[in-house]
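Below: one structure, written as structure tokens.
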Ligand SMILES: Cc1ncc(C[n+]2csc(CCOP(=O)(O)OP(=O)(O)O)c2C)c(N)n1
Ligand SMILES: [Mg+2]
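Residue numbers (the numbering used here): 3 to 403.
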């Protein structure tokens, strides 16, 4: 009987085994994304909301009492609510596109809340939860998706780089930034700086990510590579990116890699704090693979029913990042119904504010595309701006005849 999953024969298996080819069914079985994180998964809170002791990581969350956990819960509910509102606004034609974070709240809030103000974060395009944790008003994020803005926030003030759409490219930027932190002597003690860089499972196949890993490794750069393995790169499952679990790739570059339950906000917080501390003390880089799931489409232009089965989604719903915290808080008496109702009401108000802003979003001045191209403008850029503005002036009164 052929096994459900086809595996490559071992060298000693002989020519017959080596000649064997997988059946189409085995290829499909191998393509299926998995909901199992394996024995290596670091978890502090099970999907049922049970606290699991971890000799290695408990000390990184010993300050997280019921109040602090309620704060993390609130963060996750708010960003999920904002995400759902933005998704709906795209469907109503108010946004050009939306990139949902649904399902990845714990990975983003846990790691985002692990950062100190002085640390620097480099996102891809799905990190609205990290943006929120960095103190960015999500109204500023909406502008990108309404196509009125390139990314409006002050990235130095928030220590949160602009979104990067080119897959994996931010890994090079982040590695270079972290090397700069090292060269400027900002590494070595508790008050040191670190960098965190977000990317997906699919991005790990990009050359930029490989190059970023190499540069960061050989310069001992203080950078946490935070890979959100949400099981899919649009329609490609993780099995199409790697034969071995992604966190194990770190070994080949000579730095530690760890797989954390990306749906467990406590574990993501603990593991990220540990990794950042390693970096602060000059032991970077570190790779974190946050094992999670993209519960919605890749973007609003995608239809996941064309490439994945709904039973997979149903399985992941049981591992929901918000529900396990709710179960833990409710069972342990850390929160009562009034708390949960209040968070729900706050999230509805938060979403209403976003909606109101989006519908009334001001048009940016047309010459805005020339700003922030360089730290200081250049004569060529000035000339281009002037030419563009006088071209636009040519339309004044044109519609009156
Ligand atoms: C260099 C490059 N190639 C291709 C694309 C098109 N593209 C956009 S998102 C994406 C998949 C990325 O998957 P992953 O890294 O797993 O991140 P996720 O979207 O799942 O968060 C691709 C191929 C792109 N934006 N940039
Ligand atoms: Mg992915």
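We put the beta carbon where it would ideally sit given N, CA and C, even for glycine.
Residue 258 is positioned such that its CB atom lies closer than 7 Å to that of residue 288. As for any alpha helix (DSSP H) of minimum length 4 sitting wholly inside the region 154-200, the runs are 157-160, 171-185, ordered along the chain. Rounded to the nearest whole angstrom, the CA to CA distance from residue 82 to residue 243 is 28 Å. Taking a cut-off of 8 Å on C-beta distances, the region 290-303 touches the region 97-113, as three or more cross pairs fall below it. The beta carbons of residue 221 and residue 184 sit about 6 Å from each other, so the pair counts as a contact at 8 Å.
The region 342-360 makes contact with the region 78-98: 3 or more CB pairs, one atom from each, lie closer than 8 Å.
Taken through DSSP and simplified to helix, strand or coil, residue 48 comes out as coil. Secondary structure at residue 208: coil, using DSSP grouped into helix, strand and coil. Shortest gap from the CB of residue 204 to any heavy atom of ligand 2: under 6 Å. Looking at the DSSP output, residue 259 sits in a beta bridge with 289. Shown here for residue 320: same chain residues with a beta carbon closer than 8 Å to its own, the five before and five after excluded, namely 49 in chain order. Contact between the region 126-139 and the region 150-165 is present: 3 or more CB-CB pairs across the two stretches fall below 8 Å. Rounded to whole angstroms, the Cβ separation of residue 43 and residue 263 is 5 Å, and the two are in contact under 8 Å. Residue 203 sits away from residue 171, with the two beta carbons spaced by 7 Å or more.
Within the chosen limit of 6 Å, ligand 2 reaches the beta carbon of residue 234 through at least one heavy atom. Between the region 275-288 and the region 211-226 there are three or more inter-stretch CB-CB distances shorter than 8 Å, so the stretches are counted as touching.
Taking a cut-off of 8 Å for Cβ pairs, the region 163-181 and the region 119-129 touch, as three or more such pairs fall below it.
Residue 215 is classed as buried because its beta carbon has at least 16 other beta carbons within 10 Å across all chains shown.
Between residue 177 and residue 119, the alpha-carbon positions lie close to 19 Å from each other. Excluding its 5 nearest sequence neighbours in each direction, residue 60 has C-beta neighbours in its own chain below 8 Å: 46, 272, listed in chain order. Rounded to whole angstroms, the separation of the alpha carbons of residue 166 and residue 392 is 31 Å. Between the alpha carbons of residue 180 and residue 114 lies a distance of about 17 Å.
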